[in-house]
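This report refers to the structure that appears directly beneath it.
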Amino acid sequence: MNLVDGPFKKLIGGWKFTPLSQEACRIEFHLDFEFTNKLIELAFVACLKSWRLIWSRLLRFVRKRFTVPGKIAVEVAYALPEKQYLQRVTLQEGATVEEAIRASGLLELRTDIDLTKNKVGIYSRPAKLSDSVHDGDRVEIYRPLIADPKELRRQRAEKSANK
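Counted from 1, the sequence shown has number 22 at position 11 by the numbering used here; the numbering is strictly sequential.
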């Protein structure tokens with residue numbers, strides 16, 4: 012590429028698309044460049060602070076563009092003090108929270124999970140088992156509380172007052 016009166020002395024780049032499976036692919040980007048002067052380089056470095064936003068929007072576009080029609084990808088999370096489970100599942104559009112949990116296999120892995128007792132949510136917001144999930148959602152299975160938060164605060168307040 013010949014660059015005339017531009018900010019770059021050299022600009023070489025490209026991308027490579029590699030299908031991994033029916034539902035996944037790898038996209039690799041490569042960009043190599045040199046600036047014509049230091050002032051332009053400093054200005055460009057300042058712009059890199061907003062690069063994360065641009066990159067995340069580009070990835071969101073690519074993910075939407077290359078997803079399987081009628082399918083959504085959802086994560087199901089269950090956290091214990093010593094271990095965290097995070098399963099990624101692919102479901103039909105319109106699937107429910109309960110279907111996502113069942114598809115994740117966590118009910119078989121963890122027999123302590125009881126969907127009639129454990130509360131669930133999507134990104135820390137309470138949800139019902141019948142709520143529908145959307146592409147990119149993280150379904151969370153919550154453990155029951157072992158102590159009353161009000162009681163714990165009261166005990167801490169008494170403890171600090173006694174000091």
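Glycine included, every Cβ here is placed at the ideal spot set by N, Cα and C.
Among residues of its own chain, excluding the 5 on either side of Gly132, which ones have a beta-carbon nearer than 7 Å to its beta-carbon? As a first step, residue 132 is located in the sequence shown; it is residue number 121 there, counting from the start. Hits under 7 Å: Ala138, Glu151, Tyr153.
My guess is that Leu117 and Tyr89 are in contact by the Cβ rule of under 8 Å, so how many angstroms apart are they, rounded? The sequence position of residue 117 within the sequence shown is 106, counting from 1. The sequence position of residue 89 within the sequence shown is 78, counting from 1. So it is a contact: roughly 5 Å between Cβ atoms.
Could you check where the alpha helix (DSSP H) with Pro6 kicks off and where it finishes? Shown here, the chain extends from 12 to 174; a query on residue 6 therefore has no answer.
For Arg164 and Asn173, what's the separation of their Cα atoms in angstroms? In the sequence shown, residue 164 corresponds to position 153, counting from 1. In the sequence shown, residue 173 corresponds to position 162, counting from 1. Answer to the nearest angstrom: the Cα atoms are 14 Å apart.
Distance between Lys94 and Pro30 (C-alpha atoms, nearest Å): By one-based count along the sequence shown, residue 30 stands at place 19. By one-based count along the sequence shown, residue 94 stands at place 83. In this structure, the CA atom of Pro30 is about 32 Å from the CA atom of Lys94.
From which residue to which residue does the beta strand (DSSP E) around Val144 run? Here the question's residue 144 lines up with position 133 in the sequence shown. For Val144, there is no enclosing beta strand (DSSP E), as DSSP marks it with neither H nor E.
Considering only C-alpha positions, which residue in the set Ile83, Gln103, Ala168 is nearest to Asp146? Indexing the sequence shown from 1 puts residue 146 at position 135. Cα-wise, what sits closest to Asp146 is Ile83.
Rounded to the nearest angstrom, what separates Lys49 and Phe55 at their Cα positions? As a first step, residue 49 must be located in the sequence shown, where it is residue number 38. As a first step, residue 55 must be located in the sequence shown, where it is residue number 44. Approximately 10 Å, taken between the alpha carbons.
Over what stretch of residues does the beta strand (DSSP E) that includes Leu102 continue unbroken? Mapped onto the sequence shown, residue 102 falls at position 91. Element bounds for Leu102: 95 to 103.
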